[in-house]
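Student: Residue numbers (the working numbering): 5 to 488. Don't be surprised by glycine CBs; every beta carbon is placed ideally from N, CA and C.
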């Protein structure tokens, strides 16, 4: 039996997290003022300026936070699926009703305000996923449960992609960390990492030829074969299988090296594909004898990823938008386009580098004040911090985010229900992805995919979405003490 006791929400509230949140949002407002300042002497609190408007969004966010904290914490669990369903309907409506803004159809015009449902879908999906995993006798290791969890994540992703907001859709991929925390095999995460590495190598070296061999395809196929041999060494105790595959691979490589030495031009794709095909057949034959499931999984890996490799070019050329293709090429060093797709990142890196150790001082940044960096008060706001506050200011902001995420993980781990723990990890994963990718793209480590820096980037939908996401967790955390 579960007993309930009355707990003062304000006493049970995690005030350290609230303090970090407050510092972040007000630092964000100051940064927005600095990024949009144009020497006309306008006040930071001027409602016609973006900093003044952001102050209004902050005030409304505090109001939302108050309402969230005043509601019974069980409301979020009870109505999790309903909130998710309503959000899905909003995402569908957005596809058909939203206006085209810079090639994206993701904003709903509601009178005097525009809302981006994709920002609110983050907490809705987190609630639904937490509710599912809190179901009676739920085990993620059961295939049907895993499929249900993945479906909840993929549905909003697909709808957001249809709005041409690929960057926002990729955020939901961060929930894979939640699935891993709740029992998903690490093999799935490893497969995801392989998909990313193979995609990058396949695209980056697709046009590079080594004799008669496309270098990108050769590198990926060689890695696939190496993973198969390595997996056999780790997960299967009989090393004769991996030794046989390694021997055949080395022998084949030696034969074709000799052919190349004598001037015979060879396409190495075919021998590598041949070895992979023989490996799959060999592993399947051994599996039929010993019936060890790990052998079957290892045999499936090269089949899936070989097919994936030859689909990469189609996805890159036909699925991604032209501007996304150019951004990826520039990020991978395949193109140098300082006046086009690489302009934003180029100017951003210059701005951050010019800040040095201690920065140029508040409102003294030349790159940002002269508007060299586009979107500098939204997606590229971190460059304003780097230029005016330097390395120390940037480190302070990163430290604040790290403290917030670690605090959220701590809150998640102390929950007494699966619902609270899973939701907490959803919040941590989403925030981590946003911070890592946003800062990564501003300093040139990641492709520009257009996602905001939480609590800093200008915009009401973004701020409200992150505030709701965080304060629902704080209310659930305060409510845990009502059970004993």
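Does DSSP put residue 55 in a helix, in a strand, or in coil?
Tutor: Position 51 of the chain shown, counted from the start, is the residue given in the question as residue 55. Correct three-state label for residue 55: helix.
Student: From what residue to what residue does the alpha helix (DSSP H) around residue 536 run?
Tutor: No statement about residue 536 is possible, as the shown extent of the chain runs from 5 to 488 and does not include it.
Student: Rounded to whole angstroms, what is the Cα-Cα separation between residue 121 and residue 403?
Tutor: By 1-based counting over the chain shown, the position of residue 121 is 117. By 1-based counting over the chain shown, the position of residue 403 is 399. Roughly 29 Å separates the two Cα atoms.
Student: Would DSSP call residue 213 helix, strand or coil?
Tutor: Within the chain shown, residue 213 is the residue found at index 209, counting from 1. Reduced to three states, the DSSP call for residue 213 is strand.
Student: Thinking residue 309 and residue 198 are a contact (beta carbons under 8 Å), I'd like their distance in whole angstroms, please.
Tutor: Along the chain shown, one-based indexing puts residue 309 at 305. Along the chain shown, one-based indexing puts residue 198 at 194. The Cβ separation is near 6 Å, so the contact holds.
Student: So which of 73, 272, 202 has the shortest CA-CA distance to residue 214?
Tutor: Taking the chain shown and counting its residues from 1, the one referred to as residue 214 is at position 210. The option with the nearest alpha carbon to residue 214 is 272.
Student: For the stretch 452-472 and the stretch 16-31, state whether three or more C-beta atom pairs, one from each stretch, are separated by less than 8 Å.
Tutor: yes
Student: When the Cβ atoms of the stretch 186-201 are set against those of the stretch 439-455, are three or more pairs found closer than 8 Å?
Tutor: no
Student: Counting C-beta neighbours from all protein chains within 10 Å, is the total for residue 113 16 or more, i.e. buried, or is it exposed?
Tutor: To locate residue 113, count along the chain shown from 1; it is residue 109. By the 10 Å Cβ count, residue 113 comes out exposed.
Student: Less than 8 Å between the beta carbons of residue 75 and residue 468, yes or no?
Tutor: Counted from its first residue, the chain shown places residue 75 at position 71. Counted from its first residue, the chain shown places residue 468 at position 464. Contact flag unset, no.
Student: By DSSP's criteria, residue 108 is part of a beta bridge. Which residues make up the other side?
Tutor: For the purposes of this step, residue 108 is taken as the residue at position 104 of the chain shown. DSSP, once it has assigned bridges, lists 105 as partnering residue 108.
Student: Beta-carbon within less than 7 Å of residue 209's beta-carbon, same chain only, minus the 5 sequence neighbours each way: which residues are those?
Tutor: Working through the chain shown from its first residue, we reach residue 209 at position 205. Answer for residue 209: 219, 220, 223, listed in chain order.
Student: Only counting runs of 4 or more residues, tell me where the alpha helix (DSSP H) segments fall wholly within the stretch 25-102, in order along the chain.
Tutor: 54-74, 78-82, 84-101
Student: If you measure between the beta carbons of residue 330 and residue 355, is that distance less than 8 Å?
Tutor: Residue mapping note: residue 330 aligns to position 326 of the chain shown, counting from 1. Residue mapping note: residue 355 aligns to position 351 of the chain shown, counting from 1. Against a cut-off of 8 Å, the Cβ pair of residue 355 and residue 330 comes out as no contact.
Student: Examine the Cβ distances between the stretch 161-173 and the stretch 414-425 and report whether three or more of them are shorter than 8 Å.
Tutor: no
Student: Check whether the Cβ of residue 302 lies closer than 7 Å to any heavy atom of the ligand HEM, and answer yes or no.
Tutor: Because no ligand of any kind appears in the structure shown, any question about the ligand HEM cannot be addressed here.
Student: Tell me which residue opens and which closes the alpha helix (DSSP H) that residue 229 is part of.
Tutor: Counted from its first residue, the chain shown places residue 229 at position 225. Counting along the chain, the alpha helix (DSSP H) containing residue 229 begins and ends at 219-239.
Student: Would you say residue 426 and residue 137 are within 8 Å of each other, going by their C-beta atoms?
Tutor: Your numbering for residue 426 matches position 422 in the chain shown. Your numbering for residue 137 matches position 133 in the chain shown. It is a contact, given that the beta carbons lie within the stated cut-off.
Student: Check whether the Cβ atoms of residue 405 and residue 73 lie closer than 8 Å to each other.
Tutor: On the chain shown, residue 405 is found 401 positions in, with the first residue counted as 1. On the chain shown, residue 73 is found 69 positions in, with the first residue counted as 1. The answer is no: Cβ separation not under 8 Å.
Student: Using C-beta distances below 8 Å, list every residue in its chain close to residue 482, excluding the 5 sequence neighbours before and after it, in chain order.
Tutor: Walking along the chain shown from the start, residue 482 turns up at place 478. Cβ within range, chain order: 11, 13, 16, 17, 18, 73, 77.
Student: Quick check on residue 186: does DSSP put it in helix, strand or coil?
Tutor: Locating residue 186 in the chain shown gives position 182, counting from the first residue. Residue 186 falls in the coil class under three-state DSSP.
Student: Spatial neighbours of residue 101 within its chain, please: C-beta separation below 8 Å, excluding the five flanking residues on both sides.
Tutor: What you label residue 101 is simply residue 97 of the chain shown in a count that begins at 1. The residues are 112.
Student: If you draw a straight line from the C-alpha of residue 395 to the C-alpha of residue 388, how long is it?
Tutor: Looking up residue 395 in the chain shown gives position 391. Looking up residue 388 in the chain shown gives position 384. Taken atom to atom, the span from the alpha-carbon of residue 395 to that of residue 388 is near 12 Å.
Student: Under 8 Å, do residue 446 and residue 384 count as touching if we go by C-beta distance?
Tutor: Within the chain shown, residue 446 is the residue found at index 442, counting from 1. Within the chain shown, residue 384 is the residue found at index 380, counting from 1. The answer is yes: Cβ separation under 8 Å.
Student: Mark residue 33 as exposed unless 16 or more other C-beta atoms lie within 10 angstroms of its C-beta, in which case mark it buried.
Tutor: Within the chain shown, numbered from 1, the residue matching residue 33 stands at position 29. Its Cβ being crowded by 16 or more others within 10 Å, residue 33 is buried.
Student: With distances taken between CB atoms, is the gap from residue 178 to residue 436 smaller than 8 Å?
Tutor: For this step, residue 178 is matched to residue 174 along the chain shown. For this step, residue 436 is matched to residue 432 along the chain shown. Yes, the pair counts as a contact, with Cβ atoms nearer than the cut-off.
Student: Assuming contact is defined by CB atoms lying nearer than 8 Å, are residue 228 and residue 268 in contact in what I supplied?
Tutor: Position 224 of the chain shown, counted from the start, is the residue given in the question as residue 228. Position 264 of the chain shown, counted from the start, is the residue given in the question as residue 268. For residue 228 and residue 268, no; Cβs fall outside 8 Å.
Student: Would you mind sorting residue 454 into buried or exposed? The rule is 16 or more other CB atoms within 10 Å of its CB.
Tutor: As a position in the chain shown, residue 454 is number 450, starting the count at 1. It counts as buried.
Student: May I have the straight-line CA-CA distance separating residue 211 from residue 371, to the nearest angstrom?
Tutor: For the purposes of this step, residue 211 is taken as residue 207 along the chain shown, with counting starting at 1. For the purposes of this step, residue 371 is taken as residue 367 along the chain shown, with counting starting at 1. Spanning the alpha carbons of residue 211 and residue 371 requires a straight line of approximately 36 Å.
Student: Let me know the secondary structure DSSP gives residue 118 once reduced to three states.
Tutor: By 1-based counting over the chain shown, the position of residue 118 is 114. Strand, per DSSP.
Student: Inspect the CB distances between the stretch 200-209 and the stretch 148-156 and report whether three or more fall short of 8 Å.
Tutor: No, the stretch 200-209 does not touch the stretch 148-156.
Student: Which word fits residue 5, buried or exposed, when buried means at least 16 other C-beta atoms lie within 10 angstroms of its C-beta?
Tutor: Here residue 5 refers to the residue found at position 1 of the chain shown. Residue placement at residue 5 is poorly supported in this model, since its pLDDT is 37, which falls under 50; the coordinates still yield a value, given next. Of the other Cβ atoms in all chains shown, fewer than 16 fall within 10 Å of the Cβ of residue 5; this residue is therefore exposed.
Student: On the DSSP bridge assignment, give the partners of residue 113 in chain order.
Tutor: Stepping through the chain shown from its first residue, residue 113 is reached at position 109. The partner list for residue 113 (beta bridge, DSSP) reads 118.
Student: Residue 9 by DSSP, collapsed to three states: which one?
Tutor: Here residue 9 refers to the residue found at position 5 of the chain shown. Bear in mind that a pLDDT of 46 at residue 9, under 50, signals an unreliable position, so the number given afterwards is only what the model happens to contain. Correct three-state label for residue 9: coil.
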